[in-house]
Amino acid sequence: MNDDQLEEVLADAARDYNAPGEVPRDAMWARIADARRQRTAIAAPIPSRRVWFWPSAGIAAALLIGTGIVIGRRMERSTAPRTAVAASRDTTTRRDSSLPTVARRETTTTPKDSTIVAVHDPVPNNPGPDKQGPDKTLAYQLVVLQHLAGTEAMITSFRAAARNGETDAHVGKWARDLLGTTRLLEASPAADDPVMKRLLEDLELVIVQIVQYANRGTNDPEELDLIEQSIKKRGVIAKLRSTLPARDGLAGTRG
Amino acid sequence: MGWFRTARANGSICSIVTEPSRLNDRQLVSRCLGGDPVAERALYDTHVERIYRLMHRMAGDADLAADFTQDTFIRAFDRLAQYRGESSLATWLHTIAVSVALNGMRKVKRLHGRVESVDGVEGSPHLVVPPTGFTGDLKARLHAAINSLSEKLRPVFVMHDIEGYTHEEIAGSLSIPVGTSKARLFDARARLRLALAAVAGDHIA
Numbered sequence: 049m050n051d052d053q054l055e056e057v058l059a060d061a062a063r064d065y066n067a068p069g070e071v072p073r074d075a076m077w078a079r080i081a082d083a084r085r086q087r088t089a090i091a092a093p094i095p096s097r098r099v100w101f102w103p104s105a106g107i108a109a110a111l112l113i114g115t116g117i118v119i120g121r122r123m124e125r126s127t128a129p130r131t132a133v134a135a136s137r138d139t140t141t142r143r144d145s146s147l148p149t150v151a152r153r154e155t156t157t158t159p160k161d162s163t164i165v166a167v168h169d170p171v172p173n174n175p176g177p178d179k180q181g182p183d184k185t186l187a188y189q190l191v192v193l194q195h196l197a198g199t200e201a202m203i204t205s206f207r208a209a210a211r212n213g214e215t216d217a218h219v220g221k222w223a224r225d226l227l228g229t230t231r232l233l234e235a236s237p238a239a240d241d242p243v244m245k246r247l248l249e250d251l252e253l254v255i256v257q258i259v260q261y262a263n264r265g266t267n268d269p270e271e272l273d274l275i276e277q278s279i280k281k282r283g284v285i286a287k288l289r290s291t292l293p294a295r296d297g298l299a300g301t302r303g
Numbered sequence: 199m200g201w202f203r204t205a206r207a208n209g210s211i212c213s214i215v216t217e218p219s220r221l222n223d224r225q226l227v228s229r230c231l232g233g234d235p236v237a238e239r240a241l242y243d244t245h246v247e248r249i250y251r252l253m254h255r256m257a258g259d260a261d262l263a264a265d266f267t268q269d270t271f272i273r274a275f276d277r278l279a280q281y282r283g284e285s286s287l288a289t290w291l292h293t294i295a296v297s298v299a300l301n302g303m304r305k306v307k308r309l310h311g312r313v314e315s316v317d318g319v320e321g322s323p324h325l326v327v328p329p330t331g332f333t334g335d336l337k338a339r340l341h342a343a344i345n346s347l348s349e350k351l352r353p354v355f356v357m358h359d360i361e362g363y364t365h366e367e368i369a370g371s372l373s374i375p376v377g378t379s380k381a382r383l384f385d386a387r388a389r390l391r392l393a394l395a396a397v398a399g400d401h402i403a
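The structure is reproduced here in structure tokens:
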């Protein structure tokens with residue numbers, strides 16, 4: 049046997065080495081999907097999320113108030129300050145409408161204060177035991193309203209910049225901050241409302257895409273198109289706008 | 199992860215625009231991250247055959263190969279957001295796959311009570327017990343010799359000489375330089391030749 053023959057024999061013998069049979073494609077996929085479902089179910093109440101929830105929520109709340117002021121696009125529609133924060137500084141009668149969307153509730157609580165109370169202290173200071181639940185939920189709802197206003201402004205800014213072929217680093221940072229807050233709110237009582245929960249999940253997805261787009265720093269029209277599709281197919285802007293005017297209406301009842 | 203929950207909730211919302219099979223790696227990943235189940239399945243279908251074959255060649259057992267393949271894709275979907283497109287998706291998946299296979303083999307071998315040195319040049323025993331008494335059977339001798347290659351040499355030989363991967367693909371999958379891949383293949387072949395010397399006689403030397 050010469051070297052060439054040996055190589056031939058080697059190659060032939062090697063082909064049979066642990067030769068695989070038919071790939072159990074569907075069986076493996078079923079198990080993969082099952083395992084991922086179980087993981088997601090287990091991972092839903094992530095302990096680590098709780099660890100950074102309180103400090104992050106404080107920062108996020110402060111950021112939201114700031115961005116809410118900066119945004120201002122919606123505030124320009126009214127003659128008086130109409131953010132949930134400003135409007136609800138006036139004391140009014142609390143009246144829960146029991147409607148699903150958070151924007152349909154009214155309160156006597158000062159939002160800025162109640163936001164901080166809700167974020168830093170799971171038990172509000174003043175109300176009795178029967179009022180703690182609604183006040184806490186309300187505070188979260190007010191944070192959500194501010195967050196939604198900020199998110200709408202960020203998405204609008206991003207789309208405007210992206211259409212001009214610009215990747216704004218500021219929008220990327222803004223989106224990252226909003227992403228953290230969105231996830232916090234998803235784990236908060238604010239997401240008890242199924243409508244709000246869906247909206248927050250849709251927002252999370254869109255913001256993730258925007259963050260990734262901004263991180264890459266390239267203006268890829270196809271990726272931009274995917275983001276646009278996500279926004280449109282999930283009706284994100286429409287949902288935001290259908291929620292936020294209710295907030296304005298709420299402010300308008302304050303006096 | 200939230201977007202996976204969203205994916206299930208929304209079904210195949212964004213899968214209808216472009217056939218996933220026509221997308222490039224980054225587009226496919228982007229769709230998967232967006233929760234498109236059709237894109238996820240497309241990613242799986244595109245790569246599962248090659249990964250399963252490699253897992254089977256390395257493990258020598260269909261059940262283990264299936265386990266390793268499943269674990270590879272579960273990990274890949276979990277970490278998909280970390281894929282930056284610096285290498286091809288196939289290379290990225292193979293990096294995970296090889297790591298899963300080598301770790302899995304170590305665990306199985308530990309269970310079987312076999313002690314081995316991961317970095318040892320001298321061979322590591324394979325799950326399949328090398329046949330004995332087959333001195334005249336070149337194939338059996340060769341298979342036993344491949345099994346006895348070290349964990350550094352065997353993946354390179356299996357990937358290159360059996361599964362037909364290029365040195366670039368191997369280097370990417372094993373996170374080693376291309377030159378190292380070539381050197382390991384040379385070393386592996388030399389060891390196999392030596393192992394077969396008794397069968398093939400003087401022609402080999």
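First to last, the protein sequences are chains Y and U. Mapping the first sequence onto our numbering, position 155 (from 1) lands on 203, and the numbers just tick up by one. Mapping the second sequence onto our numbering, position 75 (from 1) lands on 273, and the numbers just tick up by one. Don't be surprised by glycine CBs; every beta carbon is placed ideally from N, CA and C. Just so we're clear, the structure is a prediction, and the values are computed from it rather than from any experiment.
Would you tell me roughly how many angstroms separate the C-alpha atoms of residue i and residue j, rounded to the nearest one?
i, j, result
"Y:T266", "Y:I255", "17 angstroms"
"U:E366", "U:V376", "6 angstroms"
"U:A240", "U:L394", "43 angstroms"
"U:L300", "Y:L253", "35 angstroms"
"Y:I275", "Y:V191", "25 angstroms"
"Y:E55", "U:R255", "20 angstroms"
"Y:D240", "U:I272", "30 angstroms"
"Y:A238", "Y:L226", "16 angstroms"
"U:N345", "Y:D52", "23 angstroms"
"U:W290", "U:R308", "27 angstroms"
"U:D259", "U:V306", "12 angstroms"
"U:L287", "U:D223", "6 angstroms"
"U:D269", "Y:S290", "43 angstroms"
"Y:W77", "Y:N212", "42 angstroms"
"Y:D273", "Y:A286", "18 angstroms"
"U:A237", "Y:T204", "27 angstroms"
"Y:R282", "U:D265", "36 angstroms"
"Y:S236", "Y:G228", "13 angstroms"
"Y:N66", "U:S348", "17 angstroms"
"U:T244", "Y:L193", "43 angstroms"
"Y:K280", "Y:Q86", "30 angstroms"
"Y:A209", "Y:T199", "15 angstroms"
"Y:A89", "Y:P242", "17 angstroms"
"Y:K245", "Y:E70", "43 angstroms"
"Y:P68", "Y:Y188", "56 angstroms"
"U:K380", "U:P235", "39 angstroms"
"U:A338", "Y:D64", "10 angstroms"
"Y:L292", "U:Y242", "41 angstroms"
"Y:A387", "U:T364", "The displayed coordinates of chain Y run from 49 to 303. Any statement about residue 387 of chain Y would go beyond what the structure contains."
Taking C-beta to C-beta, are residue i and residue j nearer than 8 angstroms?
i, j, result
"U:V246", "Y:R73", "yes"
"U:F275", "Y:R84", "yes"
"U:L252", "U:A295", "yes"
"Y:V219", "Y:L251", "no"
"U:F355", "U:L392", "no"
"U:I249", "U:H292", "yes"
"Y:A262", "Y:A223", "yes"
"Y:L248", "U:L390", "no"
"Y:A61", "U:L262", "no"
"U:I368", "U:M357", "yes"
"U:L336", "U:A386", "no"
"Y:L196", "Y:L288", "yes"
"Y:Q260", "Y:S278", "no"
"U:S285", "U:G370", "yes"
"U:L221", "U:A279", "no"
"U:M303", "U:A257", "yes"
"U:S228", "Y:E271", "yes"
Does any CB atom of chain B fall closer than 8 angstroms to the CB of residue i?
i, result
"U:S346", "The structure shown has no chain B; the protein chains it does contain are Y and U."
Entirely within the segment 213-289 of chain Y and at least 4 residues each: give me those alpha helix (DSSP H) ranges in chain order.
-> Residue ranges of uninterrupted alpha helix (DSSP H) with 4 or more members, entirely inside the segment 213-289 of chain Y and ordered along the chain, are 217-234, 242-264, 269-281.
Exercise. Taking any Cβ of chain U, which residues in the segment 75-86 of chain Y have a Cβ under 9 angstroms from it, in chain order?
Worked result: Hits within the stretch, in order: A75, M76, W77, R79, I80, A81, A83, R84, R85.
*asked:* Under 9 angstroms, CB to CB, which of the residues in the segment 49-72 of chain Y have a partner in chain U?
replied: Interface annotation for the segment 49-72 of chain Y against chain U: M49, N50, D51, Q53, L54, V57, L58, A59, D60, A61, A62, R63, D64, Y65, N66, A67, P68, G69, V71, P72, criterion Cβ-Cβ distance under 9 angstroms.
Give, in chain order, every residue of the segment 246-261 of chain Y whose Cβ lies closer than 8 angstroms to some Cβ of chain U.
Answer in chain order: R246, E249, D250, E252, L253, V256, Q257, Q260.
Exercise for the section: With 7 angstroms as the limit, tell me which residues of the segment 240-261 of chain U have their beta carbon closer than that to any beta carbon of chain Y; keep them in chain order. Expected result: Look at the segment 240-261 of chain U: the residues with a C-beta under 7 angstroms from a C-beta of chain Y are Y242, V246, E247, Y250, R251, H254, R255, G258, A260.
Notebook entry, point to check: Mind listing which residues of the segment 265-292 of chain U have their C-beta closer than 7 angstroms to chain Y's C-betas, in chain order?
Noted result: So the list reads T267, Q268, F271, I272, F275, given in the order they occur along the chain.
- Of all the residues that make up the segment 268-280 of chain Y, which are near chain U by a beta-carbon distance shorter than 7 angstroms? Flagged, chain order: E270, E271, L274, Q277, S278.
Using a beta-carbon distance cut-off of less than 9 angstroms, what residues from the segment 369-389 of chain U approach chain Y?
Listed in sequence order: R387.
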